[in-house]
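Q: Mapping the sequence shown onto the numbering used here, position 915 (from 1) lands on 1162, and the numbers just tick up by one. We put the beta carbon where it would ideally sit given N, CA and C, even for glycine. Have a look at the structure that comes next, please.
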Amino acid sequence: MALTLKRYQREALAALARFFTLARGARDEAALDAAFRQTLLEQEYAAETVPPYLAQGFVSDEGATPYVCVRIPTGGGKTLLGAHALAAAARHYTGQDRPLALWLVPTNIIRQQTLVALRTPGHPYREALEAHFGVDGVCVLDIADSDQIRPQDIGARALVIVGTLQTLRVDDTSGRDVYAYKEAFEPHFERAPELPGFERVGERDLEAQPYLGRGDLGKVKRSFANLMYWHRPVVIIDEAHNARTPLSYDSFARLRPAALIEMTATPVRQGRHRSNVLYHVSAEELKAEEMIKLPIVLSAHPNWEEAVRDALLTRTRLAEEAARELAAGGDYLRPILLLQAEDKRGEITVERLREHLITQEHVAPERIAVATGTQRELDGVNLFDPACPVEVVITVEALKEGWDCSFAYVFCSLQNVGSSRDMEQLLGRVLRMPYAKRRRSELLNRAYAHLASTQSARVAGELADRLVAMGFEELEAVQAVFPTSLPLFGEAGAGGEPSEPSLPALELMLPAAAAADLFALDAGAATPALRIEMRPDGDLRVCLDAPPPPELRAALVGALPERKAREALTCELDRFELRHRAFTSPSQRGVAFRPLPLLCVRDAQGELELAERETLLDLAGFALAEQPPELPGFHPDEAPGAYLVDLDHGRLRIEQERAGYAVNLDLVPTTVSETDLLHWLDARLREPGTPQPQMLAWLVRVLRWLERHEGHTLTALVRHRNRLADALAERLRVLREHAQRQGLQRVLTGFETPACISAEYVFVFGRGLYPARPPYYIGRHRFAKHYYGVVGDLQEAAARQSDHEYHCAVALDGLAEVRHWVRNLPRFPEFSFWLPTASDRFYPDFVAELEDGRLLVVEYKGEGYKSSDDAVEKQRVGELWAGLSGNLFLLAVERDAQGRGVAEQLRTCIGAGECAIPEHARVVARVDIGFDGGVVPEGSEGTVVSVYDGGAAYAVEFGAMAGPMGVVFAAAAVLRRVS
C-alpha cells in the first residue's frame, strides 16, 4: 500500500496539476506567466508578491516549455514528491498514460540510491509510481543502461531514466556517452521524423568514435540525447539550484523536454536565473505535519569535554523517555548521538574522541560506530533494528549522501560552526522525525545540539545560518534554534513532561566609549532587562534579557564605529527579537486556546454529523447515478488547452489530420472497448465518498448521450479521452456544488435539518502547530497578542491603503478585551478553524479568545467584495455558528453602514454580546467570591445554572465548597467563561 501523502505534499501536487492545466497550449512566456501567476494567486498569495515567470529560453515555434520549482526544506520528502509529480505532469500536461521521464540528481551516490529506491518493490517511491502506472507499467533504468530501451517500450510503460546532471552538462557533446552514436538505438530511428533539432554526426564525433566513417557526416545521431529529443521527456531535477546556469539550459534544450520540474530546498531566489517557485513548503508546515523535530535546543559549552559529556547525558535522558513510550505501547526508538570530530590536522580527532568516550565516559565500544572515508562501520548496519547496539556515531565530514536515520536526535560538533562545510548535512540528520509521527513526550519532538563555544548567541546565529542554507527562511531558522541555559532538563511534571528550556540573555561587547550614553539611557529608562558591566580590558559587556526599546537599540548599534560591525549587530538584535517573540508567545508558554466548536447537523435518524461536503451532499439527496448525463463542455476540436500528446509542432493534430487525410480517423473502428474507456475514466475521476457503481452508472449514461445526441463515435471518445475526462471533472464539480448549496440551505433555514454544536466536534489551535508559509509578516507593527510566534498569511498595508485586513489585525491586537488571537490560515483544516460553504470550506481571517472566555471570529471583506454572494453566505454561516455556540462572529469592513471603522465594529460586536455566557457553560472565578456560607477561591471552576438581567449576573454551581446547595450568585465581572 502506497505511503499516504502529507497535506503539504498533496497541496504541492495540486499546485503542479493546476499550473500544468493552465499551461497547456502556451505559446510564449506571457502565457506561462499567466498560468504561473494564476496558480500562485489561487494559493492566496498577494498579487504584489508574485514574481514574473522566467522562461530561460525554453520558447520556440512549437510553444513554450513549462519550467517550475517546488521548494521543500530538508526532511520534506522531495523524492517521494518527485514520483507523484511525474504522474501530475503526465495527467495534466502531456496527456500520456505511460510517460517518459529523465530523473536528474546531483551526485553518483544519490543516483545509485535513487535507482535502488525506485526499483525496489515495496519501497514508498516505487509504490508511488506503481499507484499511478500499475505494477507492470513502470520501468526504471540507469542512464548508463539506456541502450536497453526498445522501441516498443516507449508508451507501453512509464520509463524513468535516472542520471546525473553532470552526464549531460557539456559544451562539446562528442566526448559524452549520452550524445554518442550507438547501434543499439538504430531500431528507434528507422521511422523517426525529420526534426530540425536532431544532433548530427560532425568531425569531432569521427575522432571520438572511430567506427564512424566520413559517410556518416551529417547523419542524425542514433543517440540517447536524440531519442529524448524526439519523445520529449518530463525532466525532474533533484536539488536543482545547481542546474540554474546557461550551460544547464543548453543541455536541457538538446533534450527538448516536455516539462521541467525542480525539487530543491534552496532554489535560486534572485537574478536572471531565479527559479519559478510554484509551491513553497515551509519549515512550520513540516513541523505541523510531523516530518521534522523542532526546535533545536542549543547548548554552548566552554570546552569540548563538557560538550561531549552533556551530549551523552542528553542522549541518555532521551533514551529513558523513549523506553517509557515503548512501555506505554509506543513505537521502538533508540536515540542516537552524532559526534563531529576534527580532521587529522585538528586536536580532537576521531581516534582521540573514541578513546575519550571509552575511557572517560565509559561508553561500551560496541555502542560506538565510526563513519568516515576510511572507516565505514555503518555499512550494512540497520540502525532501526532493536538488536542494533549503536548509540553514538562519530564522523568528521558529511555522512554518506542519502544516509538517513530518524533516530538521530543529538548533534555535537567539536569543529568551528561557522567554518564547517558539512554542518548542514549533519544537522539535517537530526531533524527528521521518527516514523513521521509526533512523540507523546515533548522531549522527543525536539532536536538537540551541543557545541564547544562560550558565546551561545554567536553560535545560535551561526546555526541559524546553516538552517537558512538548508532551505529555511530567515525567520524560521532564527525561531527554530533555542539557545538555552543549563541545566537542559528540569524536573518532569506530573505528566512526565519536562520544563521548558530557558532563553539566555544576549551578551554584547561594545567599546568603552559607549558607556556614558548607555548608562544614561539605562538610568533614564530604568530598564530591568539591561545589565551593563565594565570589563578589566576596558570594553563594555552589555546583557539583554529582552529586546531593547528603539532608543536603546539605536544607541547600541551607534556605539560601533565600523559599518560592517553595525550591520552585524543589527542582524543579531533582529534575530534576538524574533527568537524572543517565539519564546514568549502564548503557544510556546503552554497557554491553552479555548476549543472552538465546529458546526454540526443531525440527520433524519438523529445521528450527529460534521457539516462538511459529504454531509451536505447527503442532506441534498445527491446520488451521482441519477444526475443528468448532458456534457456541454466536451469539444475535442478546440486547440486552447490541448494536451501535449495532441499537438504536433504547436498545432492540434486533429486539424492537421483533417487537412492532410481524406479519411476521418474518428470513423475508423477502435480496438478499445467501451468497458475499457469506462474503467479508464473511472480511475481518472474517482474521489473518496463516491461509490464506484454510482460513478460507472453515470458515465455509461454520459457516453450514451455523447454518442446518440452529439454524434461522437467511440473512436472519437477514445482518441480524445483526456479532454473528455477534463469535461467530466468540471461537470462533476458543478453538479456537486449545486447539491452542496441545496444541503447548506437546509442547514441555514433549520426547518428540516437543524444545525447544532457538540463537544464531540471541536477544533483546537495546537501548541506549535501553525503551518504558516512565507512570506511571513515582518511589518513595523509588533503584534503583542498573537498566539504563535510567527504571523502567517498577512502583509503590512501600503501607506495609503486603508481598506486592508492588516488594519483589522492591528485593531484586534489592541483591544483590551482580547486575550490572544490567531491569523487563521486558509486550506489547513487540521490546523485552522473552518466553517462550511456551498463550494468547500470557509476559513475566517481571525480567531480571538476574549478575556471573558468568549470566542470572536472575524472575516474581513474589502469594499469590492462586502456585498458579494460569497460574503453574504459566509456571514449567514458565521452568525448561525455564533448563535448556536454563544460566541461572536463579525464580517468586518473598512466602514460599515453606520460609518464605523474596523476598531469600532470590533468593540461594538464584543460589547453587544457581553451577556453571551449561556446556561450550562463552564466559568472560572476571576477573584475570591464571598457568599453567606464562605468564599469561593479565585480560580475555582463552576457551571452556570441561571442567567439574570441579560447577563449582568449568574447563578453558578461551584460544588461542595459553596455550601449544601452548591450554588453561588455572582456578577458577570467576577466570572470568566472557559471551555
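(1) With three or more beta-carbon pairs closer than 8 Å as the criterion, would you say the stretch 285-302 touches the stretch 358-368?
(2) At what residues does the alpha helix (DSSP H) containing D1116 begin and finish?
(3) What runs of the alpha helix (DSSP H), each 4 residues or longer, lie entirely inside the stretch 315-340?
(4) Can S427 and V467 be called in contact, C-beta distance under 9 Å?
(5) Distance check for G324 and C847, CA to CA, integer angstroms please.
(6) Considering just the uninterrupted stretch of the beta strand (DSSP E) at G1189, what are its terminal residues?
(7) Measure from the alpha carbon of L269 to the alpha carbon of each residue in P842, H370, G837 and T312, then state which is nearest.
(8) Going by the beta-carbon positions, is the gap between D389 and A431 smaller than 9 Å?
(9) DSSP on E809, reduced to helix/strand/coil?
(10) Looking at the structure shown, is R676 part of a helix, part of a strand, or coil, going by DSSP?
(11) Return the chain-ordered list of same chain residues with a C-beta closer than 6 Å to the C-beta of H1028, the five sequence neighbours on each side being excluded.
(12) Leaving out five residues before and five after F1080 in sequence, what residues of the same chain have Cβ atoms less than 6 Å from its Cβ?
(13) What residue from N663, Y656 and A588 has the CA that sits closest to T642's CA?
(14) Measuring straight from C-alpha to C-alpha, what distance separates G272 and G310?
(15) How is the beta strand (DSSP E) around P730 delimited, first residue to last?
(16) Can you tell me the Cα-Cα spacing of A1218 and W1128, whole angstroms?
(17) Rounded to the nearest angstrom, what separates L586 and P808 at their Cα positions?
(18) How do the stretch 930-946 and the stretch 860-874 stand: do at least 3 beta-carbon pairs fall below 8 Å, yes or no?
(19) With a CB to CB cut of under 7 Å and the five nearest residues on each side skipped, what residues in its chain are close to T917?
(20) Assuming contact is defined by CB atoms lying nearer than 9 Å, are I508 and V482 in contact in what I supplied?
(21) Measuring straight from C-alpha to C-alpha, what distance separates T367 and S522?
(22) Where does E902 sit, in a helix, a strand or coil, going by DSSP?
(23) Since R1224 and A1172 should fall inside the 8 Å C-beta cutoff, what is the C-beta to C-beta distance between them, to a whole number of angstroms?
(24) Pop quiz: I543 and L279 are said to be a contact at Cβ under 8 Å. What is the actual Cβ separation, rounded to whole angstroms?
(25) Enumerated in chain order, which unbroken segments of the alpha helix (DSSP H) with a length of 4 residues or greater are wholly contained in the stretch 455-542?
(26) According to the neighbour-count rule (16 or more other Cβ atoms, all chains shown, within 10 Å of its Cβ), is T731 buried or exposed?
(27) Scan the stretch 378-415 and note each continuous alpha helix (DSSP H) run of 4 residues or more that stays entirely inside, going in chain order.
(28) Quick one: residues in its chain with C-beta nearer than 8 Å to the C-beta of V1170, no 5 flanking neighbours on either side, listed in chain order?
(29) Are the beta-carbon atoms of R778 and A752 separated by less than 9 Å?
(30) Residues in its own chain within less than 6 Å of A500 by CB, not counting five upstream and five downstream?
(31) Just reading off the alpha helix (DSSP H) that I1025 is part of, what are its end residues?
(32) Thinking just about the alpha-carbon of each residue, which of N473, R447, F305 and E721 is nearest to the one in D463?
(33) Along the chain, which unbroken stretches of the beta strand (DSSP E) at least 3 residues long are found entirely within the stretch 1033-1075?
(34) Helix, strand or coil: which one does DSSP assign to Q360?
(35) Going along the chain, which residues of its own chain have a beta-carbon closer than 6 Å to the beta-carbon of E861, five neighbours each way excluded?
(36) For S653, which three-state DSSP category applies?
A: To lay it out plainly:
(1) In this structure the stretch 285-302 does not lie against the stretch 358-368, because fewer than three pairs of beta carbons, one per stretch, are closer than 8 Å.
(2) Against the sequence shown, residue 1116 aligns to sequence position 869. From DSSP, the alpha helix (DSSP H) with D1116 extends over D1116 to S1132.
(3) Counting only runs that start and end inside the stretch 315-340, the alpha helix (DSSP H) elements of at least 4 residues fall at 325-336.
(4) The residue given as residue 427 occupies position 180 in the sequence shown. The residue given as residue 467 occupies position 220 in the sequence shown. Reading off the sequence shown, one finds Ala at residue 427, where the question assumed Ser. The answer is no: Cβ separation not under 9 Å.
(5) By one-based count along the sequence shown, residue 847 stands at place 600. By one-based count along the sequence shown, residue 324 stands at place 77. Taking C-alpha positions only, C847 is separated from G324 by approximately 36 Å.
(6) Counted from its first residue, the sequence shown places residue 1189 at position 942. Where G1189 is concerned, the enclosing beta strand (DSSP E) starts and stops at E1188 to Y1195.
(7) Within the sequence shown, residue 269 is the residue found at index 22, counting from 1. Checking every option, the nearest Cα to that of L269 belongs to T312.
(8) Locating residue 389 in the sequence shown gives position 142, where the first residue counts as 1. Locating residue 431 in the sequence shown gives position 184, where the first residue counts as 1. Not in contact: D389 and A431 (Cβ atoms no closer than 9 Å).
(9) Taking the sequence shown and counting its residues from 1, the one referred to as residue 809 is at position 562. In the structure shown, E809 sits in coil (DSSP, three-state: anything other than H, G, I, E or B).
(10) The residue given as residue 676 occupies position 429 in the sequence shown. Three-state result, R676: helix.
(11) By 1-based counting over the sequence shown, the position of residue 1028 is 781. Contacts found: V1057.
(12) Indexing the sequence shown from 1 puts residue 1080 at position 833. If you ignore the 5 residues before and after F1080, its C-beta comes within less than 6 Å of the C-beta of L843, F1010, N1071 and V1094, all in its own chain and listed in chain order.
(13) Reading the sequence shown from its first residue, position 395 is the one you call residue 642. Cα-wise, what sits closest to T642 is A588.
(14) Translated into positions along the sequence shown, residue 272 becomes position 25. Translated into positions along the sequence shown, residue 310 becomes position 63. Between the alpha carbons of G272 and G310 lies a gap of roughly 7 Å.
(15) In the sequence shown, residue 730 corresponds to position 483, counting from 1. Unbroken beta strand (DSSP E) run through P730: V728 to P730.
(16) Along the sequence shown, read from residue 1 onward, the residue named residue 1218 stands at position 971. Along the sequence shown, read from residue 1 onward, the residue named residue 1128 stands at position 881. Pairing A1218 with W1128, the inter-Cα distance amounts to about 27 Å.
(17) The sequence position of residue 586 within the sequence shown is 339, counting from 1. The sequence position of residue 808 within the sequence shown is 561, counting from 1. Their Cα atoms are separated by approximately 39 Å.
(18) In the pairwise beta carbon analysis, the stretch 930-946 is classified as touching the stretch 860-874: at least three pairs are separated by under 8 Å.
(19) Walking along the sequence shown from the start, residue 917 turns up at place 670. Annotation for T917: L961, T962 and V965 place their beta carbon closer than 7 Å to its own, counting only its chain and skipping 5 residues before and after.
(20) For the purposes of this step, residue 508 is taken as the residue at position 261 of the sequence shown. For the purposes of this step, residue 482 is taken as the residue at position 235 of the sequence shown. Cβ distance < 9 Å, so I508 and V482 count as in contact.
(21) Here residue 367 refers to the residue found at position 120 of the sequence shown. Here residue 522 refers to the residue found at position 275 of the sequence shown. For T367 and S522, the distance between alpha carbons rounds to 32 Å.
(22) What you label residue 902 is simply residue 655 of the sequence shown in a count that begins at 1. Its pLDDT being 48, under 50, E902 is placed unreliably by the model, and the measurement read from it follows with that caveat. Three-state result, E902: helix.
(23) The residue given as residue 1224 occupies position 977 in the sequence shown. The residue given as residue 1172 occupies position 925 in the sequence shown. About 12 Å separates the beta carbons of R1224 and A1172, which is beyond the 8 Å limit, so they are not a contact pair.
(24) Counting from one through the sequence shown, the residue named residue 543 turns up at place 296. Counting from one through the sequence shown, the residue named residue 279 turns up at place 32. Between L279 and I543 the Cβ distance is about 39 Å, and since that is not below 8 Å, they are no contact.
(25) Within the stretch 455-542, the complete alpha helix (DSSP H) runs of at least 4 residues are 471-478, 493-500 and 530-535.
(26) Translated into positions along the sequence shown, residue 731 becomes position 484. With 16 or more Cβ atoms within 10 Å of its Cβ, T731 is classed as buried.
(27) Every unbroken stretch of the alpha helix (DSSP H) spanning 4 or more residues and falling wholly within the stretch 378-415 is given here in chain order: 412-415.
(28) Numbered from its first residue, the sequence shown carries residue 1170 at position 923. The answer, listed in chain order, is G1100, I1164, E1188, G1189, T1190, V1191, Y1201, V1203, L1222, R1223, R1224 and V1225.
(29) Counting from 1 along the sequence shown, the entry for residue 778 is found at position 531. Counting from 1 along the sequence shown, the entry for residue 752 is found at position 505. For R778 and A752, yes; Cβs fall inside 9 Å.
(30) In the sequence shown, counting from the first residue as 1, residue 500 sits at position 253. The same chain holds no residue with a CB closer than 6 Å to that of A500 once the five nearest residues on each side in sequence are set aside.
(31) Walking along the sequence shown from the start, residue 1025 turns up at place 778. Element bounds for I1025: n/a, residue is neither H nor E.
(32) As a first step, residue 463 is located in the sequence shown; it is residue number 216 there, counting from the start. Closest option to D463, Cα to Cα, is R447.
(33) As far as the stretch 1033-1075 is concerned, its whole beta strand (DSSP E) runs of at least 3 residues are 1065-1070.
(34) Within the sequence shown, residue 360 is the residue found at index 113, counting from 1. Three-state DSSP puts Q360 in a helix.
(35) As a working mapping, residue 861 is identified with position 614 in the sequence shown. G936.
(36) Within the sequence shown, numbered from 1, the residue matching residue 653 stands at position 406. Here S653 sits in coil by DSSP.
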